[in-house]
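Working notes, structure below.
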Amino acid sequence: MASSAWSLHYHYISPCLNKRAGGGLLHFPLNTANPKRQQQPLRRLQMQLQNQEEIKEDHGHDHAASTRRRQFMLQAPLISISFSQLITSNALAVAEIDVPQDFRDYTDEVNKYKILIPQGWQVGAGEPNSFKSITAFYPEEAANSNVSVAISGLGPDFTRMESFGKVEAFADTLVSGLDRSWQRPPGVAAKLIDCKAANGMYYIEYTLQNPGESQRHLFTAIGMATNGWYNRLYTVTGQYVEEEAEKYGSRIEKAVSSFRFI
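Pasting the structure below:
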């Protein structure tokens, strides 16, 4: 009975699963003593990423429209060159403080992380709600591209990313839970592009597209750390729309893959 709760709508074969298992439809394994506790963080993460569907393109350049866009962005975590290839090299670059000329090093001493963000990008803190902390990075000009870091608490059962299962199963369940293309009329289409475990984190690349709207490309890095009292889940999400890929795509990928704990 417990496993049926994870039978979300799988309408594509995971490219991550193909790499190691030769394809097939995936059902997330539940082999823990308390499956309900395992479901809660992933469901919260799915709800967080579902906010991507609500963000609309803002073509206005007036101050009010820009303010509304940024307020919304900071109220909801914004959680789409090869992303996998950037992960190792960028982590080393941050560790060595080798900051590219068009980036700057952002350090959060309270939450103990570093990330490279493009020069000139703004920084804002959102309303945490159920999250411990939300920080967003976005260009000064009106755009639909941004990077955010959301931090939420975890129970004592979760001590490392493998507590959620292997990266392939985790990514498949997460992205499949966002997909609504099977509905009639169809809703948002979510597609998993790639996933990888490295540097103690899970990296997931995927797309979201509402019918009749531009496709959004998203990159998410998910890691776990403790503040000395309890474990916390860090979700770093970068996104850009198809029309802004040339302008922001590579910079957003580099920013997300540069995230590390200090």
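Those letters in the sequence shown? Residues -3 to 258, by my numbering. Backbone N, C-alpha and C fix where the C-beta goes; we use that ideal spot for every residue, glycine too. The structure displayed is predicted, hence computed values, not measured ones.
In the three-state reduction of the DSSP assignment, L174 falls in the coil class. Annotation for R228: the continuous beta strand (DSSP E) segment containing it runs N227 to V237. The C-alpha of F133 lies about 15 Å from the C-alpha of Y230. Annotated three-state conformation of D168 is helix, per DSSP. The three-state secondary structure of F215, taken from DSSP, is strand.
Membership of A251 in the alpha helix (DSSP H) is indicated by the continuous run S246 to S254.
Taking a 10 Å sphere around the C-beta of A167, we find 16 or more other C-beta atoms and assign the residue as buried. The bridge partners DSSP lists for S129 are I147.
In the DSSP assignment, F154 is bridged to no other residue. At the C-beta level, V252 and V143 come within 8 Å of one another.
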